[in-house]
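Okay, so here's the structure we're looking at.
Number of protein chains: 4
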Amino acid sequence: MDVLAVNTENYLLRFGQVREQTEALCRPLLPEDTVVQPIVDVSPPKWHLAHTSWFFETFLLQKFAPNYKVFHPDYNFLFNSYYNSIGSRILRQTRGTLNRPPLAEIYQYRAYVNEHITELLNQLSENSYAELLPLFELGLQHEQQHQELLVTDIKYILSTNPLVPALLPAEKYVSPAINLPKPEYLSVASGLYEIGYTGTDFCFDNELSVHQVWLDEFAFRNQLVTNQEYLEFMEAGGYQNFKYWLHEGFDLAQQEQWEAPLYWTKQADGWYRFTLHGLQKVNVAAPVTHISFYEADAFANWAGKRLLTEFEWEVAAKHYLPSRKLGNFLENGSYDPQPFSGEQPAANQLLGDVWEWTYSAYQPYPRYNKAEGALGEYNGKFMINQMVLRGGSCATPRSHIRPTYRNFFHPDKRWQFTGIRLAAK
Amino acid sequence: MDVLAVNTENYLLRFGQVREQTEALCRPLLPEDTVVQPIVDVSPPKWHLAHTSWFFETFLLQKFAPNYKVFHPDYNFLFNSYYNSIGSRILRQTRGTLNRPPLAEIYQYRAYVNEHITELLNQLSENSYAELLPLFELGLQHEQQHQELLVTDIKYILSTNPLVPALLPAEKYVSPAINLPKPEYLSVASGLYEIGYTGTDFCFDNELSVHQVWLDEFAFRNQLVTNQEYLEFMEAGGYQNFKYWLHEGFDLAQQEQWEAPLYWTKQADGWYRFTLHGLQKVNVAAPVTHISFYEADAFANWAGKRLLTEFEWEVAAKHYLPSRKLGNFLENGSYDPQPFSGEQPAANQLLGDVWEWTYSAYQPYPRYNKAEGALGEYNGKFMINQMVLRGGSCATPRSHIRPTYRNFFHPDKRWQFTGIRLAAK
Amino acid sequence: MDVLAVNTENYLLRFGQVREQTEALCRPLLPEDTVVQPIVDVSPPKWHLAHTSWFFETFLLQKFAPNYKVFHPDYNFLFNSYYNSIGSRILRQTRGTLNRPPLAEIYQYRAYVNEHITELLNQLSENSYAELLPLFELGLQHEQQHQELLVTDIKYILSTNPLVPALLPAEKYVSPAINLPKPEYLSVASGLYEIGYTGTDFCFDNELSVHQVWLDEFAFRNQLVTNQEYLEFMEAGGYQNFKYWLHEGFDLAQQEQWEAPLYWTKQADGWYRFTLHGLQKVNVAAPVTHISFYEADAFANWAGKRLLTEFEWEVAAKHYLPSRKLGNFLENGSYDPQPFSGEQPAANQLLGDVWEWTYSAYQPYPRYNKAEGALGEYNGKFMINQMVLRGGSCATPRSHIRPTYRNFFHPDKRWQFTGIRLAAK
Amino acid sequence: MDVLAVNTENYLLRFGQVREQTEALCRPLLPEDTVVQPIVDVSPPKWHLAHTSWFFETFLLQKFAPNYKVFHPDYNFLFNSYYNSIGSRILRQTRGTLNRPPLAEIYQYRAYVNEHITELLNQLSENSYAELLPLFELGLQHEQQHQELLVTDIKYILSTNPLVPALLPAEKYVSPAINLPKPEYLSVASGLYEIGYTGTDFCFDNELSVHQVWLDEFAFRNQLVTNQEYLEFMEAGGYQNFKYWLHEGFDLAQQEQWEAPLYWTKQADGWYRFTLHGLQKVNVAAPVTHISFYEADAFANWAGKRLLTEFEWEVAAKHYLPSRKLGNFLENGSYDPQPFSGEQPAANQLLGDVWEWTYSAYQPYPRYNKAEGALGEYNGKFMINQMVLRGGSCATPRSHIRPTYRNFFHPDKRWQFTGIRLAAK
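Chains as they are written, first to last, in my numbering: chain C, 20 to 444; chain L, 20 to 444; chain D, 20 to 444; chain S, 20 to 444.
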């Protein structure tokens, strides 16, 4: 049997799985759920479903499939996210006014793209294969990124609805009450460390340009910060005391009247959190999540600790990660960080559960080079005013994350599954 | 046979017709169309469908139906428009983030309310009947107002979609090319005139307090201003020349870069207009519509004429209206003003086609009295910063309009079917 | 002696008095006081000083004085207020960033204009005189309008300064404690009344087009609403109860957290008001002032009364005004409304003390015609979204006011000396 | 002679020089110039004059001078910049509405503080001296920072005035036309380098926590980027081509319609720049200045180069700086970057002329510790969303700058004397 054919089969299998995962996430949604955009950060699910298909259409089908006819001539305008190279597009803040195309047509679009990708891969010459494969892989990774955004955007959309609808059955909500062991600090010796991705699988361009970084000895906590600890910060007046806060963070917190993480609401019998399984009592043992960088940093200052840099985090992860990729990922279906369970290794929850804010601005690595053309717009142009997060979350697909992965958000954002890992001062 | 029973049958027949008209307007919509709110003025169709039912539930069922159980405890919060007396409610600008309740549930809500209204009317004692009837009629009139808003809001929603979807088949679009006769000016003698509604049917409280107004002799045009005439204004630089404009209007027009009525778009072969039947070539014989008060006033100044006051308009209408209520109303299904057809009487299109901007601020008539309680919030609290429009439009139900009817919008609004009738200076 | 010469002398005498009055108002100011613009409504005193001179330069000297050389070529750009006909100009909201020209140079500008106006009048032929005189008079009236604005703008500027500086000596503050007689309502019979200015002296174009208005019988209060009465409204929760308010007014009051008139501040021993003579205890007998139309209307509703229309006001004033123009005007130097003193005639304080909000939108009178050219921009283009006020205030020059005078402001404005006169419902 | 006395004399000499320098900068200003605040970044000169005195009053006199009586009880509210520990204060954006206190009173305030500082130092015991000295030095350094801001704020204030006033005589403007030698790239070998201040003089806390950083070999340009080079970028469409730009930078540049550095204006015979000596023709040999980080980065991308990191810059400066501190600083009085003059050493203009944007976010060094109390608010709370600049400018006092000095601004700011130094890719 032909090796190329075997590979094609594998690739198409994975393609099918990733594409199906996206649709599975949207299956509980009604058409009405897929249209709205309560804040500019959040995109309507319909838009995610279409945009991820547009990516394959634009960067693969239009390039490699002879005589490919686009599904609809206006979709490039509607579903291009931010690629200036590909042409003009609707303003981001108007995604939530797109009543049409209807959801059903978007699913037809997905099927159409799936069909043509399958046809393309089955017909491709060996030479074209080599050229296509990196883009194919990028398309899959890109769709996985949008799977995480689908979870967080759907959550946000539902949360702003006064009916507080639960998307998933409350009985499937899993967040066991657990007595956590006392947290410990694990040391990493000073030295010159290599940073960046050195493997042979996929990585993003922002992980490349492997380079050395000198680190002084440091110690980081084996556990994430829990809701219990965060409640103590809240009760100690943490949100009211400027001295723990960065200036812009405190101003924002005051202006927005923050007094708890996003999605928390106080009721007569204590704090509750909105989840995709409805309103749930805060599990004090679970890692705190949906906090901004400003809150993470303020908490660390209050606790007499600090956040790690992204370099410290990466080195720590490389040292302490178990060989098997354990953790609470998208596939678990909990869509919520879980309390640390004792059977895990020394440094817990480095991968999965919550993205860990680092005190590193998102900047290019030395010798960083953007790709030519439109894909050069994928990462590089966002390297300003954002902070790096590491480790993936309960909404990250398991196959998508690795220790060198650099996620990034503005320091005020709270709707991702963000959390806190402390380092000793 | 019992008279009350006969009346009930008639009332329920009318109730059924009005309620069905609302749903008929929404029948071509997909669920996705009923959710969005591209600007704060526009409400999602789903919201209109629910709010009109909430009105009957709140002001009739909860008051008169013993043991009535509301359809959903949160609907009062979701579908109260602006009645402070009835409690808190969602912010108007967030109506477009209401993914839930889904459209199907709103239709269940409508059916539930219909069923209980029917039950209520069938069981009502004669005494309660007298108390209920004015509210019942108000509920119907209120729903008719929302039918007009449904037409204009749906039109706006579709127009902002880059796909420019036509809701209705283009072949059903009717706007005949016609050679209009030369317009004439009709005179009304000076004198003391009675203003306000004196009949025995329904009217709104803002038409009451019949009172006298002195009018000097005036002359008004028998035809509406046409697209042809408006094009001449545009081509003469009307949008660029401050001297025709009110100060705030000119500032706005500059800032918003107005250069034509709303929904107009220039293509290689001339001007087109977005309609519910898709993009259509501008019919020069049709009345101009979708213009603000500012544009109406600027046009009048450019033409060396002026707008009528609402009192002049009412007196003119009372003198020149034919006994039969002719005109292009909602029921025609064109949803677009039509060119004047010669078989009409001397003063054409006073009712229907377009709401006619008057140069009268919306203010209370002498001795105006607001109702007690929540219904006192229906009209009176809006009597500031708005201008009166008269005559109804192609989106107004025929049975809803009369010469004394006072519509009102802010002078910058353009999404209603607004037009221009001139008076001699 | 030549009659023209005599007249010239009189004109120049009045010119000198008006111009001096403006400077007298500014004499206590430091250069620093004359530059700032805390809100867009308020103009820096330096700007007023220059703009009133620019008016004479632009509309008189440049037109009638042969070989007149403008004082500075850029002043037209800096000190044109809103005359599109005269060319482009700085944005209104940037008047407060004009460090230069310095105050001293503005005074030189004033002297230069004074000198050339004097020269012009002394040399003018009889023919040109006739043409010039209306513009000359308009220039004086215009400057008097700015005298009132100087008082209110200086007050606002000082009030926003945390040092709360008193411009004038506190010991000169006069506001006697008085026991007011019980207010009475005076009747005016129904009838056709003539509205507008019919005299031979100066009036603005918006007072012309004398016309008839039918009025039903009405009764108005002989006294203004006092601080005592307004305090009762406040204490009765008037600011918190939507039912007294226009919708847009209540929204604004909530958003801006209004709970008292502008300039009021509560201290341990009661309410104080900021005045040009420093912070002063609220005199309960004095007329309430610095309230918006929204507050005036809400107060009237709370009191079970209403505001007059501008037509009722004018007719009432024409009937009840004493032959001598009594009242508290700019020349008194109190710059604050005074309690009614019993020696005045039946209807008190119709002129002076406070501008009385009417429930009449500022609209053109029938047959209103704007002047040709730049002066056509003086009044007409503002006839939208504003409400008419009548009667002048403690900051109005005595010779500037008359019963037909129509002042106008947006219904949310509070920094003018505005007050309330009630009519019976 | 007593050593303490000698030192006191020296300290007071330096105190007098620094305080006088501030006033010398303001001497050409009129009172009107010292009040305005055209944008929120810019503070009125009056405010700077007072705030620098408030700093000495608050952190020295109130702490060390027994029975010290503050000059004015409200000045703490008016002239506290951002120290939450010291109490509430006026909103930054309202500094430009402070007509009072007048400039003359601010000068009295300065004299009063000077006098009491002199008295304090002359009477201080040796023990207190040790405690006071760091604060005294910080007060001087703080005032030097505000000297630079005075220059840039005064420049901005004058630039927005339509009269485009020159503060200083044009004939004193010095910017010689020079033929620059070809720029060269100087190498720095890879290695572990020490970063941070290790000397014994004053430095800010953000330069402390000396630590090692690994640098790969790099090469940086011996000359700054000139106006000539920047013009080539402009003419090559640099402002229009998204591919050179960070996403947020390009959006901003489009929105603000940037097409040249701040203060440039095109006239018939070429580009001019606003300077404190009036409008001057662009000197193509001078370093480009008044560009944002976004523009600096876009320029570097267009040129196929990159910006240095702050660590590379510091190491380069330590290697290539001559022993004598050459450069164009505040004391030169040109207030404008000068073309490189050939007599300088290999790496030119590292200090003075323009602050050099680095591609390093302003973050804490490892083991960074904020001071306790109010002074802990001096630097640390700003370590987010800002980029580091190095090297000082033509507005920096010569004694204020050193190679380890970390200045920081948001990446969109352009009103400082910012410039570009390139590194090879």
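All C-beta atoms in this analysis are idealised placements derived from N, C-alpha and C, irrespective of residue type, glycine included.
| Item | Value |
| --- | --- |
| What three-state label does DSSP hand T368/L in the structure shown? | According to the sequence provided, residue 368/L is Gln. The question's Thr does not apply to it. Coil at Q368/L, not helix or strand. |
| Could you give the uninterrupted runs of the beta strand (DSSP E) lying entirely in the region 357-416 of chain S, keeping only those of 3 residues or more? | 374-380 and 406-409 |
| Out of K174/C, T53/C, A84/C and S100/C, state which residue places its alpha-carbon closest to the alpha-carbon of W73/C. | S100/C |
| Where does F223/C fall in DSSP's three states? | coil |
| Which residues bound the beta strand (DSSP E) around I214/D? | G210 to I214 |
| Verify whether the separation of the beta carbon atoms of K444/L and G323/L is less than 8 Å. | yes |
| Could you check where the beta strand (DSSP E) with A238/D kicks off and where it finishes? | F237 to R240 |
| Assuming the contact rule is C-beta atoms closer than 8 Å, S418/D and W374/D should be a hit. Round their C-beta distance to whole Å, please. | Contact flag wrong, Cβ pair sits at about 17 Å. |
| Given that Y378/D touches chain L, what residues does it touch there, using C-beta distances under 8 Å? | Q382 and P383 |
| Mind pulling the chain D residues with CB within less than 7 Å of I176/S? | N118 |
| Taking one C-beta from the region 397-407 of chain L and one from the region 421-428 of chain L each time, how about it: are there three or more such pairs within less than 8 Å? | yes |
| Only counting the same chain, and skipping five residues up and downstream in sequence, which positions put a Cβ closer than 6 Å to that of P18/D? | The question about residue 18/D has no answer, for chain D in this structure spans 20 to 444. |
| Do you know offhand how far L394/D's Cα is from T179/S's? | 30 Å |
| In the DSSP assignment, what residue or residues form a beta bridge with R325/L? | A442/L |
| Helix or strand or just coil, what does DSSP make of S206/D? | strand |
| Of all the CB atoms in chain L, is at least one closer than 8 Å to the CB of Y101/D? | yes |
| Just checking: is the beta-carbon of N404/C within a distance shorter than 8 Å of some beta-carbon in chain S? | yes |
| Name the residue from V170/S, K65/S, H67/S and Y378/S whose alpha carbon lies nearest to the alpha carbon of N351/S. | V170/S |
| Extract the residue ranges of the beta strand (DSSP E) inside the region 278-317 of chain L, only unbroken runs of 3 or more that lie entirely within it. | 283-286, 289-294 and 297-300 |
| Which of helix, strand or coil does DSSP assign to F427/L? | strand |
| Below 8 Å on the Cβ atoms is my contact criterion, and I expect G438/D with V307/D to pass it. Report the Cβ-Cβ distance as a whole number of Å. | 6 Å |
| If you reduce the DSSP assignment to three classes, tell me which class W11/L lands in. | Nothing about residue 11/L can be reported from this structure: the residues present for chain L run from 20 to 444 only. |
| The region 214-241 of chain C: which residues have C-beta closer than 9 Å to a C-beta of chain S, in chain order? | H230, Q231, V232, W233, L234, D235 and F237 |
| Are the CB atoms of N320/D and E249/D within a distance shorter than 8 Å? | Position check: residue 249/D holds Tyr in this sequence, whereas Glu was assumed. Not a contact, by the Cβ cut-off of 8 Å. |
| Starting from the beta carbon of Y400/S, find every residue of chain C whose beta carbon is closer than 9 Å, and list them in chain order. | The residue you asked about is not Tyr; residue 400/S is Lys in the sequence shown. Correct list: F261, K262, W264, L265, H266, E267, G268 and F269. |
| Can you give me the C-alpha to C-alpha distance between Y378/S and V232/S, rounded to a whole angstrom? | 16 Å |
| Can you tell me the Cα-Cα spacing of Y128/D and N118/D, whole angstroms? | 16 Å |
| Just the chain S side, please: which residues come within less than 8 Å of L211/C by C-beta, in chain order? | L211 and W233 |
| In terms of alpha-carbon separation, which member of A24/S, V407/S, N347/S and A442/S lies closest to W464/S? | Because chain S is modelled from 20 through 444, residue 464/S falls outside the range shown and cannot be assessed. |
| Just to confirm, are H296/L and A189/L a CB contact at a threshold of 8 Å? | yes |
| For the 8 Å Cβ check, are there 3 or more pairs between the region 260-277 of chain S and the region 286-304 of chain S? | no |
| List, in chain order, every chain S residue whose beta-carbon is nearer than 7 Å to that of P181/D. | D93, F96, L97 and I109 |
| For a cutoff of 8 Å on Cβ pairs, would you count P47/C as touching chain L? | no |
| In its own chain, which residues sit with a C-beta less than 7 Å from the C-beta of H135/S, not counting the 5 before and 5 after it? | L80, A84 and Y87 |
| Quick one: residues in its chain with C-beta nearer than 7 Å to the C-beta of A414/S, no 5 flanking neighbours on either side, listed in chain order? | E167, V170, T171, L349, Y354 and F436 |
| Using 10 angstroms around the beta-carbon of E226/L, count the other beta-carbons present and answer buried if the total reaches 16, otherwise exposed. | buried |
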